[in-house]
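Chemist:
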Amino acid sequence: MNSKITPVCMAEEYWANSQLSVVRHFGEIDFNGHHYIIVNKEGISVLELSDPKSKHYAKDGMAIPAGEPCDLILADFQPYYRSLGRDAFLEVLKEKPSTDLKTLKRIYKEKIRK
Numbered sequence: 001m002n003s004k005i006t007p008v009c010m011a012e013e014y015w016a017n018s019q020l021s022v023v024r025h026f027g028e029i030d031f032n033g034h035h036y037i038i039v040n041k042e043g044i045s046v047l048e049l050s051d052p053k054s055k056h057y058a059k060d061g062m063a064i065p066a067g068e069p070c071d072l073i074l075a076d077f078q079p080y081y082r083s084l085g086r087d088a089f090l091e092v093l094k095e096k097p098s099t100d101l102k103t104l105k106r107i108y109k110e111k112i113r114k
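Per this note's numbering: the sequence shown = residues 1 to 114.
1. Tell me whether the beta-carbon of Tyr-81 lies closer than 8 Å to the beta-carbon of Val-92.
2. Could you give the DSSP three-state label for Glu-42: helix, strand or coil?
3. Using the beta-carbon count (16 or more within 10 Å), is Ser-54 buried or exposed?
4. Please report the distance separating the alpha-carbon of Arg-86 from that of Trp-15.
5. Note down the Cα distance separating Ser-83 from Ser-45, rounded to an integer number of angstroms.
6. Apply the 10 Å Cβ neighbour rule to Gly-43 and answer buried if 16 or more other Cβ atoms are within range, or exposed otherwise.
7. Measure from the alpha carbon of Phe-77 to the alpha carbon of each residue in Arg-24, Ile-112 and Phe-26, then state which is nearest.
8. Let me confirm a value: Ala-11 is counted as buried when at least 16 other C-beta atoms fall within 10 Å, else exposed. Which label applies?
9. Would a C-beta distance cut-off of 8 Å place Glu-28 and Leu-47 closer than the cut-off?
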């Protein structure tokens, strides 16, 4: 049996102290064949917060203030993170830690519809 677990969300405390820390300079990274992005607690990507043309542009120049949650998530899951919020998004992952990506997407869609 060849099972491969793909992390959906990594807290800054984890990724900032690993080989993934280079992502802080680019806002996104491809890792193990998956595309990850940095998001703030509302699910807005650092790329959106840093783009003057974006409606989410952080005008003060501080995309994510120090001390605020800063997660590295699979880009495909950004809409769910944004719709549910950080706490509800993480709650699903804690309840179903080893669930495959397709099933997780279905669970998130059901939660959003409620």
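Every residue gets a Cβ at the ideal spot worked out from N, C-alpha and C, and that includes glycine.
Modeler: According to the structure data:
1. No, they are not a contact pair.
2. coil
3. exposed
4. 17 Å
5. Rounded to the nearest whole angstrom, the C-alpha separation of Ser-83 and Ser-45 is 13 Å.
6. buried
7. Ile-112
8. exposed
9. yes
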